[in-house]
Amino acid sequence: MSNEKDKEANRLSIPGIVLVTVLISVGVTIWITYGYIFPKKFKPVVLSQKEVSALEQKLKKFHGLGSSNVNIDTSKNAKKTKLIPEKYSEDVDRVISFTERELNGLLAKNTNLSDKLVIDLSDNLLSVKLLIPADQEFPFIGGKTIKVTAGMELAFKNSHPIVMLKGVSLMGIPIPNSWLGGLKNIDLVKEFGHGEGFWKTFSEGVEEMHAEEGRFMIKLKE
């Protein structure tokens, strides 16, 4: 009698297990579909007044870029900057530093990428998320939006800057290193900085550089 009850309980539990499995599968499918194949646009970063003031002070280092709206207007109708004669001097701070929110705030104010590109800064790592519209004729996902994520190591070791691609993922799937030209986990400065060119020039002009949680800093040589 007891065995018959156990068998009956097992028969009743099987449909329940199947149902739970189906529901989990459907949930995961929906999550993947809306999270990666049809991702929502990013929410633009809006800086507080205190953050705007701090960013303005940093932008004033780059002559002509500071403004009350933290906005660089390059249109033909932009108000021309009045030039004032002054003696040339290099007595300025050579450290350039931006917070993660400041970088995303600049994107929001000065580009059309505010809801399509976001930057994350962590220890020695710059990460980006980018939404790219697929061509209408692209198989299966034509006309949809694709989410691309990537990571780049930014550090300073052994007296030279390190710029290293950590990887690129398409809709959550890591792209093979061979498809990235074999550049994954390769120090671009060390690899391409021996001959004349951009990476050698860049390396020779940097005294210190690193990313940390929520902040990026680079110090230029004299």
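Letter by letter, the sequence shown follows residues -19 to 202 in the working numbering.
Even for Gly, the Cβ is constructed at its ideal location relative to N, Cα and C.
In this text, all values refer to a predicted model and were calculated from it rather than measured experimentally.
**Q.** Proximity to residue 197 [Cα-Cα], best of 117, 40, 110 and 77
**A.** 77
(Q) Do residue 25 and residue 90 have their beta-carbon atoms positioned less than 8 Å apart in this structure? (A) no
Q | Option in 22, 106, 167 and 37 with minimal Cα separation from residue 138 | A | 167
Q.
Pull the bridge partners of residue 78 from the DSSP assignment, please.
A. 196
Q) Using the beta-carbon count (16 or more within 10 Å), is residue 48 buried or exposed? A) Because residue 48 sits at a pLDDT of 42, beneath the cut-off of 50, its placement in the model cannot be relied upon, and the following sentence gives the value as read from the coordinates. Flag for residue 48 reads exposed.
Q. Looking at C-beta atoms only, is the number of pairs between the stretch 155 to 164 and the stretch 172 to 185 that lie closer than 8 Å three or more?
A. no
(Q) I'd like the list of long-range same chain contacts for residue 94, defined as Cβ closer than 6 Å, with 5 residues on each side in sequence excluded. (A) 24, 87 and 88
Q: Over the uninterrupted beta strand (DSSP E) stretch that includes residue 181, give me the two end residues.
A: First-last for residue 181: 178 to 184, but that is the alpha helix (DSSP H), not the beta strand (DSSP E).
Q | Where the beta strand (DSSP E) containing residue 172 begins and where it ends | A | Counting along the chain, residue 172 falls outside any beta strand (DSSP E), though it belongs to the alpha helix (DSSP H) covering 168 to 172.
Q.
Considering Cα atoms alone, identify which of 28, 31 and 124 is closest to residue 116.
A. 124
Q.
Tell me the rounded alpha-carbon separation between residue 122 and residue 151.
A. 14 Å
Q) Which two residues bound the contiguous alpha helix (DSSP H) that contains residue 33? A) 29 to 39
Q.
Let's test the definition: count the other Cβ atoms within 10 Å of the Cβ of residue 142 and tell me whether it reaches 16, buried, or not, exposed.
A. buried
Q: Could you tell me whether any non-hydrogen atom of the ligand GDP is closer than 7 Å to the CB of residue 98?
A: Looking at this structure, you won't find the ligand GDP or any other ligand, since it has none at all.
Q. Of the residues 195, 173, 104 and 102, which one's Cα is nearest the Cα of residue 35?
A. 195
Q. With DSSP run on the structure shown, which of helix, strand or coil describes residue 135?
A. strand
(Q) Closest to residue 126 by C-alpha separation, out of 97, 145, 144 and 134, would be which residue? (A) 97
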